[in-house]
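Novice: Quick note, the sequences are listed as chains G and L, same order.
Numbering of the first sequence is given in my numbering, commencing with residue 26 and proceeding in unit increments.
Numbering of the second sequence is given in my numbering, commencing with residue 171 and proceeding in unit increments.
Pasting a structure below so you can have a look.
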Amino acid sequence: MKRYFGSKRGRSVTTLIVVAAGLSLVVAACGGSGNKESNAGSVVDNPKCGNGNGQKPTGSPIKIGAIATKQPGTDFTDGENAAKAYFDCVNANGGVNGHPIQYIAETEQTDPAQNAALARKLIETEGVVGMAGGFSLIECDVNHSYYESKGVPVLNAGIAPSCWASPNSIPVNMGPRYSSDGAVQAVIRQDVDKIAFDQSNVPGTGYIAAGPKIVADAAGVPISESTDNVPIQDANSVAVRLTQQAGPNGGVILNFTPPEALKILQAAQQQGLEDKVKAWGCSTPCNTDFLAQALGAKWDGKLLVNAELNVTDFDGPDSELYRSVIAKYGQNVTGGLGSFSQMGYLMGEFMTNALETVKGDYTLQSVSEAVFNLKNQETDILCRPWYTGKAPLHIPNNVDWTTTPDSGHMVQKEDCFEISEDEPDIAKVRQIEAADPSLTGGAG
Amino acid sequence: MPSWQEFQPFIVTGLALGGVYALSGAGMVVLYRTTGVLNLAFGAVGAMSALIAWDLINNSLWPEWPSYGVAVLFAAGVTLLYGVLLGPALAKRDALVKATATLGLALILLGTMSWIWSDKARSQVLPTSTHAFDIGTVAVTWTQVISFGLGVVVVFGTAAFLKYTNLGTAMRGLANDREITATLGVPVRWVEAQAWLVSGILSGVSGLLLSDLVGLDAVSLTFLVISSLAAALIAQLRSLVVTFFAALVVGLVSALATPITSISEYRNMAPFVLATIALLWISRKREISFTGTGLGNGRG
Chain G
26 MKRYFGSKRG RSVTTLIVVA AGLSLVVAAC GGSGNKESNA GSVVDNPKCG
76 NGNGQKPTGS PIKIGAIATK QPGTDFTDGE NAAKAYFDCV NANGGVNGHP
126 IQYIAETEQT DPAQNAALAR KLIETEGVVG MAGGFSLIEC DVNHSYYESK
176 GVPVLNAGIA PSCWASPNSI PVNMGPRYSS DGAVQAVIRQ DVDKIAFDQS
226 NVPGTGYIAA GPKIVADAAG VPISESTDNV PIQDANSVAV RLTQQAGPNG
276 GVILNFTPPE ALKILQAAQQ QGLEDKVKAW GCSTPCNTDF LAQALGAKWD
326 GKLLVNAELN VTDFDGPDSE LYRSVIAKYG QNVTGGLGSF SQMGYLMGEF
376 MTNALETVKG DYTLQSVSEA VFNLKNQETD ILCRPWYTGK APLHIPNNVD
426 WTTTPDSGHM VQKEDCFEIS EDEPDIAKVR QIEAADPSLT GGAG
Chain L
171 MPSWQEFQPF IVTGLALGGV YALSGAGMVV LYRTTGVLNL AFGAVGAMSA
221 LIAWDLINNS LWPEWPSYGV AVLFAAGVTL LYGVLLGPAL AKRDALVKAT
271 ATLGLALILL GTMSWIWSDK ARSQVLPTST HAFDIGTVAV TWTQVISFGL
321 GVVVVFGTAA FLKYTNLGTA MRGLANDREI TATLGVPVRW VEAQAWLVSG
371 ILSGVSGLLL SDLVGLDAVS LTFLVISSLA AALIAQLRSL VVTFFAALVV
421 GLVSALATPI TSISEYRNMA PFVLATIALL WISRKREISF TGTGLGNGRG
């Protein structure tokens, strides 16, 4: 048996494989460096934010703070990074009334004590005068009482239920529950007779699932709800189960992160299941070109995605400014153009708009008052003007698009539509808007 | 309870996954029997090879088959490299230490994948998945057929290889007694290197198949090794044939539990539950004694 060990042939084969493995590593490393999402749509070289005068601000800094989740598997810091990109753009264009914005972005690891400490550190130690750009799994639940006690309005993008149930939390997004509602509404418009709703098995699924059930029940459409552990390890089986649950005239709705939703949709495609139901729907996370590119043409026009924010290549002035700001100042926005950075950009923009209205010193009280007075914030990234106001709860983003894949991009499938008022809190918000139409640009 | 007709597609998906689990399980068993190493990096190596193939195809615009070839070469190379560099140093350490060392490799690869490729949605559709045929009302892709078929071929082919070839005999000799086999003139390190190489190739092939059957993301592919590990444990890390059938059972039970609403949520536990039941059954006639030098197993 010695011939195996000492032969030249044996050594050369081993050497060849080792060299090939090394080459593979090099190739992979080189190829992986270009994975940033390509910028689609027009951009300008020198975006104008705030005053737009190109001057360096000389006043004392205005401190703004934020808290975002950053832990293995969940990185929401693109919200903060995009807000910072907008503030950097403002600072490069004269700042706010001559003052630069100093952004203090904290990260948390879903530790309630850490979240509580960070909020107090920002407001009481750092002395921030406003909060904008936060994007956390639990921060709303942990800190909303503290912010209420301090009278501080927080411009955030939320996940936790408290984000849409506190007088001091004012999100730019509508969150997974209302976005799933929107997907259910879009699928019901396809005249389905049954819905199978599936989502990842994580804390809070009961709160989210209650929304689609309310909407489906109101429409008289039976709905079955299920959860799957993530990462999904048997996507083929999940796809089969969902199409069986929905039936040939039914619809399947997914509320997953893009990679997990992709697994189910791809498995459905491989098994020829995409036409076994009448419609497929998905909540906002699916509204990304990455998903459209990965899915391929078979899903073009077939997958209905609820979109809380506009497609990133939309031809509009604010969308162009967003793309330009990310291109010039968003080096740290690792996800590139997408929902997360759109939310961060909007939070930065709205906070800047509030700061510009402050007369006199920038204090926690003066900035809070300015933020609470924001109304009719027009942007083509949202379906209609955004607002804050003093109210027991805030869901200013409650009108959505439906998008669908088209040749590797997400495009608008349905124009703006209202999330169902069968949702009790949406109904409350509509009453608030009806009482003061100026919030959304109507005659006040 | 779903009808028989509704269960049928899950048999296909279960058999396909079971086939890949068998493929992976065979790689783990052969390596363990030859080197005494339980390779917990098996899934991570497969995951990285699948991502390399995806990257070559989508970013470097390579043709598909050469990309798959490089991916498998990578898996073979990195596994062999680990075995050649660290295998001898760890040869006389406890099995737990050896397994933990491979966990280190898995974590390094996971970190590398996270660094190179973000967690964006990606898909890898093998050319064999673009064609399907129907068995009754169930659509079956060629990837599913290949997954099952490859599991059969590799398991039984490896069993025959171990039985009828010189290298196979040497591997079996090492499995029985490393010292005695070495004194008989068997080039231990060379034989072990072959085992690492085969294991690496199987991890690369498994990674590619699972990236199509399950999805292309580093974490889920890395931890799919648990299902293969369960099959290998049921076979007591000895029998390839038992590993094969255990893998099929793991795949089928997981799949067939999916449409049953009351237990669907718990189907991911299937590998653990089956392995636990099997190990309890196997050890039902053993007694644990605390005599002599310490803990030992005595036949009852």
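Glycine is no exception: its CB is placed at the ideal position from the N, C-alpha and C atoms.
Because the structure is a prediction, the values reported are computed rather than measured.
Under three-state DSSP, which class holds His434/G?
Specialist: It is a strand residue.
Novice: Report the residues of the stretch 221-240 of chain G with a CB closer than 8 Å to any CB of chain L, ordered along the chain.
Specialist: Flagged, chain order: Asn226.
Novice: Rounded to whole angstroms, how far is the Cβ of Ser390/L from the Cβ of Pro256/G, which I believe are closer than 8 Å?
Specialist: Ser390/L to Pro256/G, Cβ: 3 Å. Contact.
Novice: Chain L beta carbons: is any one of them nearer than 8 Å to that of Lys288/G?
Specialist: True, the Cβ-Cβ gap to chain L drops below 8 Å.
Novice: From Ser212/G to Asp218/G, what distance separates their C-alpha atoms?
Specialist: Note that residue 212/G corresponds to Val in the displayed sequence, not to Ser. Near 10 Å, if we compare the C-alpha coordinates of Asp218/G and Val212/G.
Novice: Is the beta carbon of Gly155/G less than 8 Å from the beta carbon of Val396/G?
Specialist: Yes, the pair counts as a contact, with Cβ atoms nearer than the cut-off.
Novice: With respect to the alpha helix (DSSP H) encompassing Ser249/G, which residues constitute its N-terminal and C-terminal limits?
Specialist: Segment 248-253 is the beta strand (DSSP E) holding Ser249/G; no alpha helix (DSSP H) there.
Novice: By the criterion of Cβ-Cβ separation under 9 Å, what are the contact partners of Asp435/L in chain G?
Specialist: One point to set straight first is that residue 435/L is Glu, not Asp, in the sequence displayed. Within 9 Å Cβ-Cβ: Asn226, Ser251, Thr252, Asp253, Asn254.
Novice: Applying the criterion that 16 or more other CB atoms from any shown protein chain within 10 Å of the CB defines a buried residue, is His301/L buried or exposed?
Specialist: The residue in question, His301/L, is exposed, as its Cβ has fewer than 16 Cβ neighbours within 10 Å.
Novice: Under 8 Å between beta-carbons, which chain L residues line up against Val263/G? List them in chain order, please.
Specialist: Chain L residues near Val263/G: Thr428.
Novice: Distance check for Leu378/L and Gly188/L, CA to CA, integer angstroms please.
Specialist: Distance between the alpha carbons of Gly188/L and Leu378/L is about 15 Å.
Novice: Return the chain-ordered ranges of every beta strand (DSSP E) run that is complete within the stretch 62-117 of chain G and spans a minimum of 3 residues.
Specialist: The stretch 62-117 of chain G contains these whole beta strand (DSSP E) runs: 87-96.
Novice: Under a CB-based cut-off of 8 Å, is Gly374/L close to chain G?
Specialist: Not one chain G Cβ lies under 8 Å of Gly374/L.
Novice: Does any CB atom of chain L fall closer than 8 Å to the CB of Ile257/G?
Specialist: True, the Cβ-Cβ gap to chain L drops below 8 Å.
Novice: Assuming Val491/L contacts Leu418/L (C-beta within less than 8 Å), just tell me the rounded distance between them.
Specialist: Chain L is shown from 171 up to 470; residue 491/L falls before or after that span and cannot be answered.
Novice: Assuming Tyr172/G and Asn140/G are in contact, meaning their beta carbons sit under 8 Å apart, how far apart are those beta carbons, in whole angstroms?
Specialist: Incorrect: roughly 12 Å between the Cβ atoms, too far for contact.
Novice: Give me the residue from Thr132/G, Val115/G, Ala293/G with the minimum Cα distance to Thr99/G.
Specialist: Of the candidates Thr132/G, Val115/G, Ala293/G, the one whose C-alpha sits nearest the C-alpha of Thr99/G is Thr132/G.
Novice: Grab me the residues of Tyr203/G's own chain with a C-beta within less than 6 Å of its C-beta, minus the 5 sequence neighbours each way, in chain order.
Specialist: If we look at Tyr203/G and ignore the five residues flanking it on each side, its Cβ neighbours are Ile444.
Novice: Which of the three DSSP states is assigned to Gly57/G in this structure?
Specialist: Any reading at Gly57/G must be qualified, since the residue scores a pLDDT of 35, below 50, and its modelled position is unreliable; the value itself is stated next. Of the three classes helix, strand and coil, the one that applies to Gly57/G here is helix, per DSSP.
Novice: So that I know if they touch, is there some Cβ in chain L lying closer than 8 Å to that of Thr102/G?
Specialist: For Thr102/G, the answer is no, since every Cβ of chain L falls outside 8 Å of its Cβ.
Novice: According to DSSP, which residues form a beta bridge with Ser194/G?
Specialist: BP columns for Ser194/G point to Val179/G.
Novice: I'd like to know if Pro283/G contacts chain L, where contact means its C-beta is closer than 8 Å to some C-beta of that chain.
Specialist: Yes - at least one Cβ of chain L is within 8 Å of the one on Pro283/G.
Novice: Starting from Pro539/L, find everything on chain G with Cβ-Cβ shorter than 8 Å and list it in chain order.
Specialist: One cannot answer for residue 539/L here, as it falls past the ends of chain L, which runs 171 to 470.
Novice: Identify which residue in Ala388/L, Ser409/L, Leu394/L, Val207/L has its Cα closest to the Cα of Val190/L.
Specialist: Selected option, being the one with the closest Cα: Leu394/L.
Novice: Ala332/G: which of Ala319/G, Phe365/G, Trp324/G sits nearest, CA to CA?
Specialist: The option with the nearest alpha carbon to Ala332/G is Phe365/G.
Novice: 8 Å is my cut-off, CB to CB: does Gly297/G come that close to chain L?
Specialist: Closer than 8 Å to some Cβ of chain L, the Cβ of Gly297/G qualifies, so yes.
Novice: In angstroms, rounded to a whole number, what distance separates the CA positions of Leu418/G and Ser191/G?
Specialist: Leu418/G and Ser191/G: Cα-Cα distance of roughly 5 Å.
Novice: Does the count of Cβ pairs from the stretch 367-384 of chain G and the stretch 393-410 of chain G closer than 8 Å reach three?
Specialist: Short answer: they touch.
Novice: Would you mind stating whether Asn118/G and Lys73/G have Cβ atoms separated by less than 8 Å?
Specialist: Yes, these two residues count as a Cβ contact at 8 Å.
Novice: Report the start-end ranges of each beta strand (DSSP E) in the stretch 209-235 of chain G that is 3 residues or longer and not cut off at the edges.
Specialist: List check, beta strand (DSSP E) in window: 220-225.
Novice: Distance, Cα to Cα, Met435/G vs Thr413/L?
Specialist: Met435/G and Thr413/L: Cα-Cα distance of roughly 45 Å.
Novice: For Asn431/G versus Asp338/G, is the C-beta distance shorter than 8 Å?
Specialist: According to the sequence provided, residue 431/G is Asp. The question's Asn does not apply to it. Contact flag unset, no.
Novice: Could you give the DSSP three-state label for Met341/L: helix, strand or coil?
Specialist: Of the three classes helix, strand and coil, the one that applies to Met341/L here is helix, per DSSP.
Novice: Is Thr427/G helix, strand or coil by DSSP?
Specialist: Strand.
Novice: Can you check DSSP and say which residues form a bridge with Val310/L?
Specialist: In the DSSP output, where bridge partners are listed per residue, Val310/L has Phe303/L.
Novice: Rounded to whole angstroms, what's the CA-CA distance from Asn261/G to Phe318/L? Just pull it up for me.
Specialist: Cα to Cα, the separation comes out at about 15 Å.
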